[in-house]
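J.: Pasting a structure here, questions to come.
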Amino acid sequence: MTSQSPEIRISQQTPIRAPSAVPVDDAALPFEVAALDLRGRLTRLGPALDEILTKHDYPPVVGKLLGEAIVLTTLLGSSLKFDGRFILQTQTDGPVSFLIVDFQAPDRLRAYARFDAKQLKEGQDSGALLGHGHLAMTIDQGPDMSRYQGLVALEGGSLEDAAHEYFLRSEQIPTRVRLAVGEEWRGGGEGPKHRWRAGGLLLQFLPKAPERARQPDLHPGDAPEGVATHIVAEDDAWVEGQSLIATVADVELIDPDLSGERLLYRLFHERGVRVFAPLPLRAQCSCSREAVSSMLASFAAKDRADMVKDGKVVVTCEFCSSVYEFTPQEAGVE
Ligand SMILES: [Zn+2]
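Quick note: our numbering has the sequence shown finishing at residue 336, numbered continuously throughout.
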C-alpha cells in the first residue's frame, strides 16, 4: 500500500439545506450525524447509470456488477475538490476480467467492463464474477500534485468487502459501505420499459480523539492455531453507526419513490442528521475526434497501416461506444 490518502475523507463544507421530499437522482448527498461523530454520503443513480450500462447492452449480471463499481466510485470520488480524477479498476481471473470507472470532478462519470460471455452463469454474485486479482484506486489531482494509488487484493469477495479492506488497511478510518443495483420495469404504451437504478451509502467514524477510532486488528493469517489475538473494543458510537447502516435494505437504496433525505432520516433520526447540498453526477465521456486523432498519431506507422479496413480507419471508444471514422490519409497512413 502506498502513502495515506486524505482525499476520501468527507468534508462538511457544503451548506445545509431544507430537506427534499422528492427523490433526486444522479447525485451524492453528504451528511453528518454529529452526536455519533459520523460522516457519510448517500448516492442515488438513475438516468446516468442507465445511460452508461445501456450503451453496452451488458448481460444483467455484468451490468449489476459494473453498477456497483460505479456507485462505489461516486461514494469515494465525489469528495475531490477541484479538477481531480478518481479511477477505480479491477483486474481479475473471473468472467469479468477487467472493469474501469473513471470519475472526473466535479461530476463526470464513465465506465466499462470486459467479460467472457461463455463463463457467465445465472445468479453469479460479484465475488464469483470478479474472481481473484486486485482492485486499484487512483487519485489524480492534476499535474502539480502527486498521483496516489491504493491496491486491494480481490479474493472472491464483493466490492463492499474490498472497500472495507481498503479503508482498514490504507486509510485507517472506520468505514462501512453499502451498494445496491436494481433493474426497474415501468409500464407504458409500448410495453414495459427497463431501467437501471442504483444506490450506495458510505459511513465513516471520525471522532476528534483518534484513539476512539481504534479498530480490531487484522487477523494474523500466519499466527499458529490457538494464539490469542489482540482484542480491541470498538467505540460505542461506531458500534451504533455500524448497526444502523446494517439495517438498510437494498430496496431502500434504489427505491425511486424514497428521497435520500427521507432514507437518512429513517436511519439516523434518533441522533439527528444534517444533510448538505447534493453533488450532481452525470454520464459523460471525455472522448473526442481530436483526442482519437492524436492517439492515432502516437502509434507507429506500421500499426496505423494495419488499422486500415475497407479503406478506412474506425476507432470505437470503449467507454461510450462512440465510433470515429478516418480516411487513411486523415489517420496518417502513407
Ligand atoms: Zn467515449
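A virtual CB, placed ideally from N, CA and C, is assigned to each residue, including glycine.
1) How big is the Cα-Cα spacing for residue 178 and residue 269?
2) Which of the three DSSP states is assigned to residue 89 in this structure?
3) On the criterion of 16 or more Cβ atoms from any shown chain inside 10 Å, does residue 2 qualify as buried, or is it exposed?
4) Please report the distance separating the alpha-carbon of residue 3 from that of residue 202.
5) With a threshold of 6 Å, establish whether the CB of residue 290 neighbours any heavy atom of ligand 1.
6) Suppose contacts are defined by Cβ-Cβ distances below 7 Å. Is residue 200 in contact with residue 53 by that definition?
7) Suppose contacts are defined by Cβ-Cβ distances below 7 Å. Is residue 326 in contact with residue 276 by that definition?
8) Within 6 Å: the Cβ of residue 99 and any heavy atom of ligand 1?
9) Would you check if the distance between the CB atom of residue 133 and the CB atom of residue 96 is smaller than 7 Å?
10) Who does residue 260 pair with in a DSSP beta bridge?
11) Spatial neighbours of residue 5 within its chain, please: C-beta separation below 6 Å, excluding the five flanking residues on both sides.
12) In this structure, what does DSSP give as the bridge partners for residue 301?
13) Using the beta-carbon count (16 or more within 10 Å), is residue 257 buried or exposed?
14) When you compare only the Cα positions, how much space is there between residue 127 and residue 70?
15) How many Å lie between residue 40 and residue 89 at the Cα?
16) Comparing the CB of residue 278 with every heavy atom of ligand 1, is any distance shorter than 6 Å?
17) On a Cα-Cα basis, can you pick out the residue from 246, 76 and 92 that is closest to residue 138?
18) Answer yes or no: the CB of residue 295 versus the heavy atoms of ligand 1, is any distance below 6 Å?
19) Hey, quick one: how far does the beta strand (DSSP E) through residue 195 stretch, first residue to last?
20) Give a yes or no on whether the C-beta atoms belonging to residue 208 and residue 243 are separated by under 7 Å.
21) Taking residue 283 and residue 29 to be in contact with their CB atoms under 8 Å, please state how far apart those CB atoms are, rounded to whole angstroms.
22) Let me check you understand the geometry: is the CB of residue 321 closer than 6 Å to at least one non-hydrogen atom of ligand 1?
23) Do you know whose CA, among 278, 184, 300 and 187, lies nearest residue 34's CA?
24) Compute the distance between the beta-carbons of residue 162 and residue 181, then report whether it is under 7 Å.
T.: Reading off the structure:
1) One-based indexing of the sequence shown puts residue 178 at position 176. One-based indexing of the sequence shown puts residue 269 at position 267. Going by the C-alpha atoms only, they are around 14 Å apart.
2) The sequence position of residue 89 within the sequence shown is 87, counting from 1. Here residue 89 sits in strand by DSSP.
3) Since the first residue shown for the chain is 3 and the last is 336, residue 2 is missing from the structure and cannot be characterised.
4) Within the sequence shown, the letter at position 1 stands for residue 3. Within the sequence shown, the letter at position 200 stands for residue 202. Interpretation of residue 3 is limited by its pLDDT of 39, a score under 50 that renders its predicted location unreliable; the figure taken from the coordinates is listed afterwards. So the alpha carbons of these two residues sit roughly 25 Å apart.
5) Locating residue 290 in the sequence shown gives position 288, where the first residue counts as 1. Residue 290 Cβ: outside cutoff for every heavy atom of ligand 1.
6) Reading the sequence shown from its first residue, position 198 is the one you call residue 200. Reading the sequence shown from its first residue, position 51 is the one you call residue 53. No, Cβ-Cβ distance for residue 200 and residue 53 is not below 7 Å.
7) Within the sequence shown, residue 326 is the residue found at index 324, counting from 1. Within the sequence shown, residue 276 is the residue found at index 274, counting from 1. Their beta carbons are not under 7 Å apart, which means residue 326 does not touch residue 276 by this criterion.
8) Numbered from its first residue, the sequence shown carries residue 99 at position 97. False, no ligand heavy atom lies under 6 Å from that Cβ.
9) Here the question's residue 133 lines up with position 131 in the sequence shown. Here the question's residue 96 lines up with position 94 in the sequence shown. Closer than 7 Å, so yes.
10) For the purposes of this step, residue 260 is taken as the residue at position 258 of the sequence shown. Per DSSP, none; premise fails for residue 260.
11) One-based indexing of the sequence shown puts residue 5 at position 3. Its pLDDT being 42, under 50, residue 5 is placed unreliably by the model, and nothing is read from it.
12) Here the question's residue 301 lines up with position 299 in the sequence shown. Residue 301 pairs with nothing; no bridge assigned.
13) Taking the first residue of the sequence shown as 1, we reach residue 257 at position 255. So residue 257 counts as buried.
14) By one-based count along the sequence shown, residue 127 stands at place 125. By one-based count along the sequence shown, residue 70 stands at place 68. Approximately 11 Å between the Cα atoms of the pair.
15) Position 38 of the sequence shown, counting from 1, holds the residue named residue 40. Position 87 of the sequence shown, counting from 1, holds the residue named residue 89. Looking at the two C-alpha atoms, the distance is approximately 26 Å.
16) As a first step, residue 278 must be located in the sequence shown, where it is residue number 276. Checking the Cβ of residue 278 against ligand 1 gives no.
17) Within the sequence shown, numbered from 1, the residue matching residue 138 stands at position 136. Answer by Cα proximity: 92.
18) Translated into the one-based positions of the sequence shown, residue 295 becomes position 293. Outside the cutoff, so no.
19) Locating residue 195 in the sequence shown gives position 193, counting from the first residue. 195-207 is the span of the beta strand (DSSP E), which, as asked, contains residue 195.
20) Here residue 208 refers to the residue found at position 206 when the sequence shown is read from its first residue. Here residue 243 refers to the residue found at position 241 when the sequence shown is read from its first residue. Taking 7 Å as the Cβ cut-off, residue 208 and residue 243 do not qualify as a contacting pair.
21) Numbered from its first residue, the sequence shown carries residue 283 at position 281. Numbered from its first residue, the sequence shown carries residue 29 at position 27. About 6 Å; that satisfies the 8 Å criterion.
22) Within the sequence shown, residue 321 is the residue found at index 319, counting from 1. Checking the Cβ of residue 321 against ligand 1 gives yes.
23) The residue given as residue 34 occupies position 32 in the sequence shown. Comparing Cα-Cα distances from residue 34 to each of 278, 184, 300 and 187, the minimum goes to 278.
24) What you label residue 162 is simply residue 160 of the sequence shown in a count that begins at 1. What you label residue 181 is simply residue 179 of the sequence shown in a count that begins at 1. Closer than 7 Å, so yes.
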